Structure formats: structure tokens, C-alpha cells
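Protein chains: 2
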Amino acid sequence: MTVGEQPIGLRERKKLETRRAIRAAALELFEREGFDEVSVDRIAAAANVSRTTFFNFFPTKEAVVFDADSEQVAQWQALLASRPADEPLWTALQKVLLAYLEGFREHLVAKQRIKAASRTLGASSRDANDRFWAELTEWAARRDDGDPLTVSLQLGVAQAVLNSAFALWDVDDGAEPLLRLIRRGFAEAGAGFRPAPSRRRTRRT
Amino acid sequence: MTVGEQPIGLRERKKLETRRAIRAAALELFEREGFDEVSVDRIAAAANVSRTTFFNFFPTKEAVVFDADSEQVAQWQALLASRPADEPLWTALQKVLLAYLEGFREHLVAKQRIKAASRTLGASSRDANDRFWAELTEWAARRDDGDPLTVSLQLGVAQAVLNSAFALWDVDDGAEPLLRLIRRGFAEAGAGFRPAPSRRRTRRT
DNA sequence: AACCAAAGTTGTACTCAGTTCACCTTGTGC
DNA sequence: GCACAAGGTGAACTGAGTACAACTTTGGTT
């Protein structure tokens, strides 16, 4: 499936394998018992690896859920590079985010399940895809030489669209409704919220 | 200054005093040495209080920076209650948030300074006023019986406006420029980002 | 004034996340 | 096969947050 197959040696392969083993063990435990109830010690044990090694691969316990691996990162970067330079930022943001999310439906469902079941994870509003926002921000700043507030606002609003969609999403319905919510969100937020003076409902009680 | 002066006993007064002492000690240490460099032990010592007592008042170390005290909460709730029920949500959000922020200029500056100097605080995107967003969300849901996605979006976008403003704000300029940024943010986000087909800049290099 | 229950404070002891470091183990290039 | 570096490990440490039993203070009762 990947493009360049042969160049990586045994070392690299083992490393990736270990990383996957840790993540797999962790996710399984999290799904079964909940994020807060599983200690790093137990994850390490379940993955046949030392605690120290766990922290060699993942900077925090949360990272095991949220950090992307090299494949995902590459996919993401290709996506960013694919948008034409003269496309309006708002349009590009929609396209990029939707394409990305569509590429990771199952992953999303797993993440959301774990997040929903954990007090601390839910609270720390580590959102949709997190580690990418920094990169996305740089990308936006690079391609758009407009007013910094305007750029930052559009990024923030895009994030708000995702947050709202995730918040209203019922995981058990699968990924499709989420994507629908996100598309609607982009449409509504893109149109703005200036109160229509005509449609003034005077509903009471 | 407060409305009901006499009803609270010595107990209550002492409690509030302790809370203030802890917060004052903490903020002073944070400003001088940075959030990450000051341990809860040292804060407690500086406030002449035990570690345990610290955690009786503040659930986490972060809370000492971000949690509002009873006065602030009351002010906030009055503000929410003051908006007419038939005012459009987007308008009400702007008014409420701006009024609130204007009421806490100095506090904002202090918070921002501490946040800017801390790696962990900056990362955990505990934003503008945090503990209020839950309340604000309920308030919005209660007053607006429209589509939940629309309501959630407007809240999210309002938060994006604040985030962007805070991000671009240079603390040393004082609170005024921040408020200007926020007002501009509300205007721009409220107008939406639908790409204007006319104004197509084909700037290159 | 002496007494008492409830509220508030404290020290102790614990769990767990995350860091540091010196020491092994193993893949790779020679 | 050998040397060296990349990677894995155990031990020991710091600091946040929790649990709890013992102590002190407040405010009301007799």
C-alpha cells in the first residue's frame, strides 16, 4: 500500500511495530476499562515493554490516543500541499478538513468512544485533531498574506465548526452524520450570524 | 460595595480571606518565577497554609489562576440575566462577553502574563474564561430554542473570536487593544467568510 | 463559663504521570 | 566477527492530586 517499500531496515520496522503494539494495547485497555482507570504501567506491561519505553514513544498518556503516526502525518501534509495557492482560505480549510476526516472514519469513532468515557480527557478540550492545528495555522499564515486577525479567525471558526459537530455527534451512528454536521457547520458559519432583522420571532414562555 | 453586607459570619469571612491569601501568594510567585517552576508546596508555604488546604480551595493548580471567585460569578450571572429574552443570540453573546471582559481588565493582563510564560498552561488551551463557557452554553440553550447546531456554532465562533484576539494581543499594550480586536472579530465573524468572488487577488511570490 | 457538634485545617501516606540517567542489548556498517 | 550507535531498561526522583484520621476553631446551647 505504501509507496516506497524496501528502504527501511529491521530497526525501523521493529520500532514501528513496538509503537503499534503499545498503541494497540492501550486502546484495547481504554475501550474496556476507560482512560482514567488504566495506568501507564499496565499499558507497558500489556505491550511487553518497559514504562520508560512507553514514554520514549509517547510524550504523554494522552498522546497514545491523539498523536498521529508517520503515515497520517504524511497524508495530512500531502493534503495541505494539494490546495491551489490562490484558493480562498475559507474554501481551502473546508476542503482540507473534510478530506482529512473522511480518511479516518473508523479511527474517529474509536477516539470519540474513549473520550466520551473519560472525565479528564473530556475536560481537557483536546479537540478534534489537535496536533495538526499548529501546522494548519502555519500553513494558513504562509499562504494568506492578509490581516492576521482575519486568518486566525477563520482557523478558529473552522475549529468551532468541528467542535460543534463532534459535540452533537452520536458515535453510535457512525461517521456519516458527523460529516454531514460538519458540512452544515461550514455553510452556516461561512454565511455569518448577523441577525436577520426580518425574521423576528416573539415567542414567549 | 457588595449588596448584602452583614449576614456572613466570621467563618465565611475567614474562608474568603484564606482563599484570597492563597491566590495572592500563588499569583505573585507565578509572575516572578513562572507557573511551571512553582510547586503547590511552595504556594501553600507562602500562604501560611497546608498543602491539603490548598486543595480544599482549588481543585487543581491551574484553578488558582483561572477559577473565578464568588463575586465574579455573581457579576457574570447578573450580566447573563440582563439580556432581553428576544435579543438575537449572536448580539447577546457579543454584549455579554465584551461587558464581562471590560469589567476585568487588570485581571486579564495578569492572567495573560502568567499564561504566556508557561509551557504547560499555554498548551492546554484553557482559554479566555473557561469555567464560564459551560454556564454560557446552558444559558444559550435555554434562551434559544433554535437548532442545536446553530446555537453551538455561535458559541464556538464567539470563543474563536476571543481566542484569536487573545492570541494576537500584546499584553504590554494594556487591555484596550484587546477589546478592539474582540470587537473587530465579532464584526468579521458575524459577517461570515464566504469568499467574495470579485476581490480575487492574484498576488504571486 | 463550660460544652458540644459541625466546619475547617493539618500531617501522613498513598497513587500515578512524567523526567533523568547510567547501564544493557541489538541491528548495522565495516 | 567487531565496534559503535540506536534503542530499550530499571531505578530513583519530583510533583500533582486523593484519602483519611486526628486536631483546632467557630458559633450556638445550657
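Just so you know, the sequences run in chain order A and B.
Residue numbers for the first sequence follow the working numbering, beginning at 254 and rising by one.
Residue numbers for the second sequence follow the working numbering, beginning at 254 and rising by one.
The C-beta atom is built at its ideal place from N, Cα and C for all residues, glycine as well.
Since this is a predicted model, take the numbers as computed values, not measurements.
Here the C-alpha atom of residue 432 (chain A) lies approximately 53 Å from the C-alpha atom of residue 267 (chain B). About 34 Å separates the beta carbons of residue 289 (chain A) and residue 405 (chain A), which is beyond the 8 Å limit, so they are not a contact pair.
For the pair of segments examined, the segment 356-373 of chain A was found not to touch the segment 334-343 of chain A: the number of CB pairs separated by less than 8 Å stays below three. The alpha-carbon separation between residue 281 (chain B) and residue 326 (chain B) amounts to approximately 23 Å. Nearest to residue 418 (chain A) by alpha-carbon distance, out of B:419, B:428, B:407 and B:321, is B:407. By the Cβ rule, the segment 300-308 of chain A counts as touching the segment 269-283 of chain A, because three or more pairs are nearer than 8 Å. If you check the CB distance, residue 443 (chain A) and residue 311 (chain B) do not come in under 8 Å. Nearest to residue 423 (chain A) by alpha-carbon distance, out of A:366, A:390, A:329 and A:392, is A:366. Neighbours of residue 401 (chain B) across chain A, judged by C-beta separation under 8 Å: 421. A direct Cα-to-Cα measurement between residue 434 (chain B) and residue 357 (chain A) gives close to 36 Å.
In the structure shown, the three-state DSSP call for residue 447 (chain B) is coil. Counting along the chain, no alpha helix (DSSP H) covers residue 371 (chain B), and no H or E run does either.
Across the segment 417-446 of chain B, CB contacts with chain A closer than 8 Å involve 417, 418, 420, 421, 434, 437, 438, 441, 442, 443, 444, 445 and 446, in sequence order along the chain. When the Cα atoms are used, residue 386 (chain A) and residue 307 (chain A) turn out to be separated by approximately 25 Å. By the neighbour-count criterion, in which 16 or more other beta carbons inside 10 Å mark a residue as buried, residue 374 (chain B) falls on the buried side.
For residue 413 (chain A), at least one C-beta of chain B is nearer than 8 Å to its own C-beta. Annotation: residue 349 (chain B) has no Cβ neighbours in chain A at a cutoff of 7 Å; minimum Cβ distance is about 15 Å. Chain B places no beta carbon closer than 8 Å to that of residue 365 (chain A), leaving this residue out of the contacts. Short of 6 Å from the beta carbon of residue 279 (chain A), and not among the five residues preceding or following it, lie these beta carbons of its own chain, in chain order: 296 and 317.
Counting only runs of 4 or more residues that sit fully inside the segment 285-346 of chain A, the alpha helix (DSSP H) segments are 293-299, 304-310, 316-319 and 323-335, in chain order.
In the structure shown, residue 356 (chain A) adopts coil according to DSSP, grouped into three states. In this structure, the beta-carbon distance from residue 285 (chain B) to residue 294 (chain B) does not fall below 8 Å. Following the DSSP letters along the chain, one finds residue 409 (chain A) inside the alpha helix (DSSP H) bounded by residues 401-421. Chain B places a beta carbon closer than 8 Å to that of residue 410 (chain A), counting this residue as a contact. When only Cα atoms are considered, residue 402 (chain B) and residue 265 (chain A) end up about 45 Å apart.
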